[in-house]
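Residue numbers (this note's numbering): 1 to 272.
Below is one structure, written out as structure tokens; the observations come after it.
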């Protein structure tokens, strides 16, 4: 009996060792599989990193240009009949307010305020403001400085601030460039590149020039407002606009008569 117990004990011990060894082997096998998967993923990533990427030989153009009025356009016919600033200002752009405290209409020239100023006590135009706007010619630029009061939602106290939209008076039908836009872009880009050297490319600032499309559709009166920091480059830009190719449709007033209109072109290249 005692012998049988000894044999049974030995058998149990052997079985325990076998089970333990099998479990440890499976655990080690699982770890090996995990390492192998990680190594395979790393190998795949390394292989992908070595695949040469296709790069276009043609450099991406950073040239840009934009032709528009100097500020937000407003028709002369709308200004001429206005009796309040609400008649011609964009309602969606107005800040939340309770009342206007005072309103100044200031003529702007070459992006600078002039001494030609007319005042009113509120949003209703004064007689002098009405006369100023009626007498303003096409392409006149002006700003409206409107001082206003509003009630703070947090403190319920009055707060005072102002906003100053800038506007450009335009004809009923503005001048329009009728020729191919891509050809114009190519003309400006290639022409400007001739005046650029690599050492100055990243230092150039966008150039802004005024020019007039006459009632006969001819470009004239080209002048620089915003310079690039390089006079020779600015001079080249004036030359390009003076010789701009293509056809312009002149602007027309409310009676259908052709009129002159001043526009602004902003353009640059490279680091502009």
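The C-beta atom is built at its ideal place from N, Cα and C for all residues, glycine as well.
This one's a predicted model, so the numbers in the text were calculated from it and none came from an experiment.
By the Cβ test, the segment 238 to 258 is in contact with the segment 175 to 182, since at least three Cβ pairs between them sit closer than 8 Å.
Taking a contact as a CB-CB distance under 8 Å, the pair residue 241 and residue 218 does not count as one, their CB atoms being some 12 Å apart. Pairwise C-beta distances place the segment 79 to 94 in contact with the segment 162 to 170, as three or more of them are shorter than 8 Å. The beta carbons of residue 120 and residue 103 sit closer together than 8 Å.
Burial check for residue 141: the Cβ neighbour count within 10 Å reaches 16 or more, so the residue is buried. Secondary structure remark: continuous alpha helix (DSSP H) runs of at least 4 residues inside the segment 124 to 184, in chain order: 127 to 135. Residue 220: member of the beta strand (DSSP E) spanning 219 to 226, first to last residue.
8 Å or more divides the Cβ of residue 108 from the Cβ of residue 138. Per the C-alpha coordinates, the member of 196, 100, 189 and 159 positioned closest to residue 147 is 100. Following the DSSP letters along the chain, one finds residue 232 inside the alpha helix (DSSP H) bounded by residues 231 to 242. Rounded to the nearest angstrom, the gap between the Cα atoms of residue 254 and residue 77 is 7 Å. Residue 204 sits away from residue 150, with the two beta carbons spaced by 8 Å or more.
Of the residues assessed, residue 183 falls on the exposed side of the cut-off, its CB having fewer than 16 other CB atoms within 10 angstroms. Selection 261, 195 and 118 evaluated against residue 212 yields 261 as nearest (Cα-Cα). According to DSSP, residue pairing for residue 266 in a beta bridge involves 66 and 208. Burial state of residue 69 is buried, judged by a 10 Å Cβ sphere holding 16 or more other Cβ atoms. Annotation: the continuous alpha helix (DSSP H) that includes residue 76 extends over 76 to 80. Going by C-alpha positions, residue 194 is about 11 Å away from residue 232. With 16 or more other Cβ atoms from the protein chains shown falling within 10 Å of its own Cβ, residue 192 counts as buried.
The beta carbon of residue 265 lies closer than 8 Å to those of 65, 66, 67, 208, 209, 211 and 241 in the same chain, with the five residues before and after it left out.
C-alpha of residue 185 to C-alpha of residue 206: approximately 15 Å in a straight line.
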